[in-house]
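> Residue numbers (our numbering): 784 to 1330. Glycine included, C-beta positions come from ideal geometry on N, C-alpha and C. One structure is given below, represented as structure tokens, and several questions about it will come after.
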């Protein structure tokens, strides 16, 4: 309770002057000066409720909620009929979740303004949180007598009835709404959800079947049926309802995407992938003018390893919207996988016309040129990719590895080694780089210790890779560690019995282990497997190793 004091005429004049001066400072957003002036008002007139309210608003903006609360609690004792004071106090109590005090505030607000529906709703919610369920229901009843039944009051009462274990009362209003307006689908959906969430699946199913007869083209009915069937563990029926819903255009693409995304955590389960694929196919048919539908379908085809089929789907997506770079890159990668090198170059150039600073696009075009043995063109794009740089260290490593391969093809060993070193700086565990770099060093007979270290690491990263095992064996051979080389070549041959190169290398190793008979045997095997080695015939004829 705030006790005022009699003001002299001089005090009254001073209070008025200070108050309006404070308001001017507040209008000019000079909060510190305004707060000082309002404080001076309260020093002269401790019961000045307007000053308390204005100062409380400043303290609230300064996040000094405790000071604001004290001021507002005083203000409502001085002027208990001011609606704005109580509203500000309600906001303060909500911050600290003081439900008991909130209940009283809404009671006062209803007293001051009994025609405002929001106050009844807020009071009912506060009472519900206090578990004063009967009083909360009474508040909702008062609200309904004021404005009639609404989705909000029905939902609020339902929550209370469910907390009280009174499912029959919770469903009563929904059933009445259905009787009053049987063409409105919404109460059917709400009632079915109520039944389904309370383990009464059969009742939920019955409600939705009735709704389906009212409007079989409402996708929400079919989605709700899918939920019920899922809870009943009838997954075939669930999926069938999803397919029906997805074939209805009124269910927007952005509403369908999260449903398909719900399958992602179940990957790599083939059934989940297949289901997501079928739903995404339906989306692309139902929304033929939406690029997102085709991007989604393409993504699901990729998830199902249908790479060739995904290519035209991504093309359709880009025809509808060419402004999504990720789709261009995915298309190029798929085309590379299908050896469509000319198409990679064509699409890559178009992508770069739209997104000129994409390192990955330059890299992929370079790879396509490299596969066509156009080394000069490949190097040009690899250099562009490297110059653009990338926060993606793995991509940078791949770019420099490809440069290393291309420089090797031009016999530029210095540039090749420098590129491989840069590749490994970006990713020391790039197994591809480690293997190729080691192999090319061994061919030149240079830095064999470094080559051995790199090749061993590549085999640790990718065990049981015949090509990598072959490389390591060849490095060891160059180091004249013939027994170790033999062991690693035998591993490679076990992985790939039809490699002419490995057969020839194994013969070379056996020769230096003084097993000339078997060396010749493996050289002949290499010839039978189609080896193009120019020295192989000489090795066989002379029965000795030739470099």
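I need the DSSP call for residue 1155, collapsed to helix, strand or coil.
In the chain shown, the residue the question calls residue 1155 occupies position 372. Three-state DSSP puts residue 1155 in coil, outside helix and strand.
> Among the residues of its own chain, which have a CB less than 7 Å from the CB of residue 905, if the five just before and after it don't count?
Position 122 of the chain shown holds residue 905. Within the same chain, residue 905 has close Cβ partners 889.
> If you compare alpha carbons, which of 1084, 1092, 1096 and 1134 is closest to residue 1107?
If you number the chain shown from 1, residue 1107 lands on position 324. Closest option to residue 1107, judged by alpha-carbon separation, among 1084, 1092, 1096 and 1134: 1134.
> Just confirm the distance between the C-beta atoms of residue 1231 and residue 1225, as a whole number of angstroms; I'd bet it's less than 8 Å.
To locate residue 1231, count along the chain shown from 1; it is residue 448. To locate residue 1225, count along the chain shown from 1; it is residue 442. Contact between residue 1231 and residue 1225 holds, since their C-beta atoms are separated by about 7 Å, short of 8 Å.
> Let's test the definition: count the other Cβ atoms within 10 Å of the Cβ of residue 960 and tell me whether it reaches 16, buried, or not, exposed.
Locating residue 960 in the chain shown gives position 177, where the first residue counts as 1. Under this definition residue 960 is a buried residue.
> Considering only residues of the segment 1254-1308, which uninterrupted alpha helix (DSSP H) runs meet the minimum length of 4 residues and lie entirely inside it, listed in chain order?
1265-1278 and 1283-1295
> Does residue 1241 come out as helix, strand or coil in the three-state DSSP assignment?
Taking the first residue of the chain shown as 1, we reach residue 1241 at position 458. In the structure shown, the three-state DSSP call for residue 1241 is helix.
> Please go through the segment 1140-1222 and give each complete alpha helix (DSSP H) segment of 4 or more residues, from N-terminal end onward.
1142-1154, 1158-1171, 1176-1192 and 1196-1209
> Tell me whether the beta-carbon of residue 1241 lies closer than 7 Å to the beta-carbon of residue 1209.
Here residue 1241 refers to the residue found at position 458 when the chain shown is read from its first residue. Here residue 1209 refers to the residue found at position 426 when the chain shown is read from its first residue. Cβ atoms of residue 1241 and residue 1209: not closer than 7 Å.
> Determine the direct distance from the alpha carbon of residue 1185 to that of residue 1175, and round the result to whole angstroms.
Residue mapping note: residue 1175 aligns to position 392 of the chain shown, counting from 1. Residue mapping note: residue 1185 aligns to position 402 of the chain shown, counting from 1. Those two C-alpha atoms are separated by around 16 Å.
> Out of 931, 1086 and 851, which one is the CA nearest neighbour of residue 821?
In the chain shown, residue 821 corresponds to position 38, counting from 1. Among 931, 1086 and 851, the Cα nearest to that of residue 821 belongs to 851.
> Within a Cβ cutoff of 7 Å, which residues of the same chain sit near residue 1191, ignoring the five residues on either side of it in sequence?
Position 408 of the chain shown, counted from the first residue, corresponds to residue 1191. Excluding residues within five positions, the ones whose Cβ falls inside 7 Å are 1199 and 1223.
> Among 824, 814 and 1211, which residue has its Cα nearest to the Cα of residue 793?
Translated into the one-based positions of the chain shown, residue 793 becomes position 10. Answer by Cα proximity: 824.
> Which of helix, strand or coil does DSSP assign to residue 1328?
Taking the chain shown and counting its residues from 1, the one referred to as residue 1328 is at position 545. Residue 1328 falls in the coil class under three-state DSSP.
> Out of curiosity, what's the CA-to-CA distance linking residue 910 and residue 882?
For this step, residue 910 is matched to residue 127 along the chain shown. For this step, residue 882 is matched to residue 99 along the chain shown. If you take the alpha carbons of residue 910 and residue 882, they lie about 8 Å apart.
> To the nearest angstrom, how far is the alpha carbon of residue 925 from that of residue 948?
Against the chain shown, residue 925 aligns to sequence position 142. Against the chain shown, residue 948 aligns to sequence position 165. Spanning the two alpha carbons is a distance of roughly 23 Å.
> If the criterion is Cβ atoms closer than 7 Å, does the pair residue 832 and residue 862 meet it?
To locate residue 832, count along the chain shown from 1; it is residue 49. To locate residue 862, count along the chain shown from 1; it is residue 79. Yes, Cβ-Cβ distance for residue 832 and residue 862 is below 7 Å.
> Go ahead and pull the three-state DSSP assignment for residue 948.
The count along the chain shown starts at 1 and reaches residue 948 at position 165. Here residue 948 sits in coil by DSSP.
> Give the list of continuous alpha helix (DSSP H) stretches no shorter than 4 residues that lie fully inside the segment 978-1057.
984-997, 1002-1014, 1018-1029 and 1036-1044
> At what residues does the alpha helix (DSSP H) containing residue 933 begin and finish?
One-based indexing of the chain shown puts residue 933 at position 150. Where residue 933 is concerned, there is no enclosing alpha helix (DSSP H), given that its DSSP letter is neither H nor E.
> Consult DSSP for residue 1315 and reduce its assignment to one of helix, strand or coil.
Start at 1 with the first residue of the chain shown, and residue 1315 comes out as number 532. Coil.
> With burial defined as no fewer than 16 other Cβ atoms inside 10 Å of the residue's Cβ, what is the status of residue 1257: buried or exposed?
In the chain shown, the residue the question calls residue 1257 occupies position 474. It counts as buried.
> Please classify residue 907: does DSSP put it in a helix, a strand, or coil?
The residue labelled residue 907 in the question sits at position 124 within the chain shown. Correct three-state label for residue 907: helix.
> Start and end of the alpha helix (DSSP H) containing residue 877?
In the chain shown, counting from the first residue as 1, residue 877 sits at position 94. That run of the alpha helix (DSSP H) goes 866-879.
> Just to confirm my understanding: we take residue 1152, look at its own chain, exclude 5 residues before and 5 after, and list those with CB closer than 6 Å. What are they?
To locate residue 1152, count along the chain shown from 1; it is residue 369. 1160 and 1161.
> Any chance the segment 937-947 sits against the segment 982-997, with 3 or more Cβ pairs inside 8 Å?
no
> Distance check for residue 1264 and residue 1229, CA to CA, integer angstroms please.
Taking the first residue of the chain shown as position 1, residue 1229 is located at position 446. Taking the first residue of the chain shown as position 1, residue 1264 is located at position 481. About 16 Å.
> Which word fits residue 917, buried or exposed, when buried means at least 16 other C-beta atoms lie within 10 angstroms of its C-beta?
Numbered from 1 along the chain shown, position 134 holds the residue referred to as residue 917. Under this definition residue 917 is an exposed residue.
> In this structure, how does DSSP classify residue 1081 when only helix, strand and coil are distinguished?
On the chain shown, residue 1081 is found 298 positions in, with the first residue counted as 1. It is helical.
> Quick check on residue 908: buried or exposed, where buried means 16 or more other Cβ atoms within 10 Å of its Cβ?
Residue mapping note: residue 908 aligns to position 125 of the chain shown, counting from 1. Classification of residue 908: buried, given that the 10 Å Cβ count is 16 or more.
> Since residue 900 and residue 930 are thought to touch, with beta carbons under 8 Å apart, how far apart are those beta carbons, to the nearest angstrom?
For the purposes of this step, residue 900 is taken as the residue at position 117 of the chain shown. For the purposes of this step, residue 930 is taken as the residue at position 147 of the chain shown. Correct: roughly 5 Å between the Cβ atoms.
> Can you tell me which of 1166, 1158, 1194 and 1213 puts its alpha carbon nearest to the alpha carbon of residue 1180?
As a first step, residue 1180 is located in the chain shown; it is residue number 397 there, counting from the start. For the residues 1166, 1158, 1194 and 1213, the minimum Cα distance to residue 1180 belongs to 1213.
> Could you check the C-alpha separation between residue 954 and residue 1033 for me, to the nearest Å?
In the chain shown, the residue the question calls residue 954 occupies position 171. In the chain shown, the residue the question calls residue 1033 occupies position 250. When rounded, the distance between both Cα atoms is 28 Å.
> Residue 1088 by DSSP, collapsed to three states: which one?
Counted from its first residue, the chain shown places residue 1088 at position 305. DSSP places residue 1088 in coil when its eight states are reduced to three.
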